[in-house]
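The structure appears below as structure tokens.
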């Protein structure tokens, strides 16, 4: 079976380090060649809540897109995402890109629009894969970040996962 390259956006605003590490641990079980961007703190967008930690992960998978998305929902659920009494967002994992797919796949739109709208997605993605071409824009992530006029403040944060420093230089 062939491997697909996937980019995922992760975020948490409740016990942020614990939930992001748990999410990364779970992803390491379904992705190979996993690489992580630096971790950034950002204010919430679209919901009223405390600040988030965000990062982008690149990996390879044999899973088809919809099966990967289904497993991501299980990882989110294992971290309290769908608990009726939750007060915030313990763990959010979004498929940003899956190979160079463009379009709507059983309700999942790729590439994800948030890439171009949110600094907490585009900046870490541009650091992780500056030469990656956005399939809908025809520009690299590095170029998109340099040209972006997104009014969001991000702050790099010290973060470690499995001995790997995910802190921006």
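In the working numbering, the protein residues as written are 9 to 177. Ideal placement from N, C-alpha and C gives every residue a C-beta, glycine not left out.
Check: DSSP three-state label for residue 47, please.; Outcome: coil
Check: Which same chain residues, not among the five before or five after residue 53, have their C-beta less than 8 Å away from its C-beta?; Outcome: 126, 128 and 160
Check: Taking DSSP as the reference, what is the three-state secondary structure of residue 163?; Outcome: strand
Check: Alpha carbon to alpha carbon, how far is residue 48 from residue 164? Give it in angstroms, no decimals.; Outcome: 4 Å
Check: Taking the C-alpha atoms as reference points, what is the distance between residue 43 and residue 34?; Outcome: 14 Å
Check: Hey, quick one: how far does the alpha helix (DSSP H) through residue 134 stretch, first residue to last?; Outcome: 127-136
Check: With distances taken Cα to Cα, identify the nearest neighbour of residue 10 among 101, 89, 169 and 69.; Outcome: 69
Check: Contact defined as beta carbons within less than 8 Å: I believe residue 135 pairs with residue 119. What is the distance between those atoms, to the nearest angstrom?; Outcome: With 8 Å as the limit, residue 135 and residue 119 do not qualify as a contact, their Cβ atoms being about 17 Å apart.
Check: Check each candidate in 84, 114 and 73 and name the one with the smallest Cα separation from residue 106.; Outcome: 73
Check: Use the C-beta contact count for residue 14: other C-beta atoms within 10 angstroms, 16 or more gives buried, fewer gives exposed.; Outcome: buried
Check: When the Cα atoms are used, what is the spatial distance from residue 50 to residue 173?; Outcome: 19 Å
Check: If we ignore side chains and look at the alpha-carbon of each, how far apart do residue 18 and residue 147 end up?; Outcome: 23 Å
Check: Going by DSSP in three states, residue 115 sits in which element: helix, strand or coil?; Outcome: coil
Check: Buried or exposed for residue 117, please, with buried defined as at least 16 other CB atoms from any protein chain shown within 10 angstroms of its CB.; Outcome: exposed
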